[in-house]
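**Q** Below is a structure I'd like to ask you about.
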Amino acid sequence: MAELVFFTGTMDCGKSTLALQMDHNHAARGRTGLIFSQHDRAGTNMLSSRLGLATGAIEVADELDFWEVIVERATAGQHIDYLICDEAQFYSSSQVEQLARVVDEMEIDVFAFGITSDFRTELFPGSKRLVELADRVQVLQVEALCWCGRRATVNARVVDGTMVVEGEQVVVGDVATDEVGVVEYEVLCRRHYMRRMTSHAARAASPTPALLPFDLDVCPLPPRPPLLPITQSD
Ligand SMILES: Nc1ncnc2c1ncn2[C@@H]1O[C@H](COP(=O)(O)OP(=O)(O)O)[C@@H](O)[C@H]1O
Ligand SMILES: Cc1cn([C@H]2C[C@H](O)[C@@H](COP(=O)(O)O)O2)c(=O)[nH]c1=O
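Everything in the sequence shown is counted per this note's numbering, starting at 615 for the first residue and increasing by one.
Structure, rendered in structure tokens:
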């Protein structure tokens with residue numbers, strides 16, 4: 615039975631890499647898929663991973679209707695087994711509903727990949743609908759880490775070096791624009807997100823951030839090196 619699966623996590627936890635791997639594995643077994651993405655950092659009509667792999671993709675424009683795309687292809691005689699849908703957080707609620715319909719009425723697997731929440735820790739519309747409708751929500755196993763070593767669970771936005779909590783929901787990372795300055799993202803644990811403590815801020819506050827008094831519980835001192843075996847000298 616076909617499934618709608620939402621693979622999610624923070625930025626930089628390997629979602630696009632997994633999307634490419636899943637496409638590879640399914641295609642290797644003779645299944646036919648279509649790849650979709652939106653606002654990929656490599657440009658339009660692309661799905662790219664930070665590991666260097668990339669492939670062509672259908673850009674999910676605001677007006678794209680997944681149901682119509684699939685019906686059109688099927689009418690033209692194309693058989694489709696699965697869809698890979700990257701950056702799915704950016705899709706609209708209606709587009710996610712179209713994906714669910716494709717699964718239920720056309721028996722096509724849909725594998726969607728995206729971050730759960732934005733730089734304010736609020737759900738993206740596409741992710742919200744996917745959490746509501748998916749048959750399975752799978753959190754990626756590779757954990758992105760905060761600078762303190764804890765598991766990162768939130769995506770912080772840094773504009774011109776300073777963490778911000780207000781602004782447009784969608785700003786593609788690592789690009790310079792006249793309106794908002796240089797926008798970067800950093801994954802953080804919740805504690806350091808709440809304290810607005812990015813790695814840059816932590817370094818500025820103390821050259822050894824792990825020794826900040828309020829971080830001693832979170833960032834224990836590095837483990838001691840193992841004791842050397844005692845060797846007897848003659
Ligand atoms: N030089 C590298 N060597 C090994 N792994 C890397 C390297 N650069 C990035 N990665 C891995 O790639 C992951 C990011 O992959 P990507 O699929 O682009 O993430 P996402 O789509 O979730 O943002 C990182 O979490 C890291 O595990
Ligand atoms: C937190 C957050 C992220 N974005 C953008 C930044 C990136 O272009 C994508 C996430 O891509 P990744 O492959 O998971 O790294 O989302 C945004 O527009 N708004 C945000 O709040």
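A virtual CB, placed ideally from N, CA and C, is assigned to each residue, including glycine.
Please list, following the chain, all residues that have a C-beta closer than 6 Å to any non-hydrogen atom of ligand 1.
**A** Spelled out in chain order, the answer is M625, D626, C627, G628, K629, S630, T631, S663, R664, L665, V756 and A758.
**Q** Can you tell me where the beta strand (DSSP E) holding M660 begins and where it ends?
**A** Here residue 660 refers to the residue found at position 46 when the sequence shown is read from its first residue. Residues M660 to S662.
**Q** Return yes when the C-beta of V786 is under 7 Å from any heavy atom of ligand 2, and no when it is not.
**A** Taking the sequence shown and counting its residues from 1, the one referred to as residue 786 is at position 172. Result yes, Cβ under 7 Å from ligand 2.
**Q** For a test of the three-state rule: what should DSSP assign to S847, helix, strand or coil?
**A** Numbered from its first residue, the sequence shown carries residue 847 at position 233. Bear in mind that a pLDDT of 44 at S847, under 50, signals an unreliable position, so the number given afterwards is only what the model happens to contain. Coil, per DSSP.
**Q** Closest to R804 by C-alpha separation, out of E782, P739, S731 and K742, would be which residue?
**A** Here residue 804 is taken as the residue at index 190 of the sequence shown, counted from 1. Checked all of E782, P739, S731 and K742; the closest Cα to R804 is S731.
**Q** Give me, in chain order, the residues of the same chain whose beta-carbon lies closer than 6 Å to that of E617; leave out the 5 immediate sequence neighbours on both sides.
**A** Looking up residue 617 in the sequence shown gives position 3. The residues are D723 and D749.
**Q** Less than 8 Å separating the beta-carbons of E701 and D654?
**A** Translated into positions along the sequence shown, residue 701 becomes position 87. Translated into positions along the sequence shown, residue 654 becomes position 40. Result yes, Cβ atoms of E701 and D654 sit closer than 8 Å.
**Q** Taking contact to mean at least 3 C-beta pairs separated by less than 8 Å, is the region 623–638 in contact with the region 706–719?
**A** These segments do not touch.
**Q** Could you compute how far the alpha carbon of G623 sits from the alpha carbon of E800?
**A** Translated into positions along the sequence shown, residue 623 becomes position 9. Translated into positions along the sequence shown, residue 800 becomes position 186. Their backbone Cα atoms lie some 14 Å apart in a straight line.
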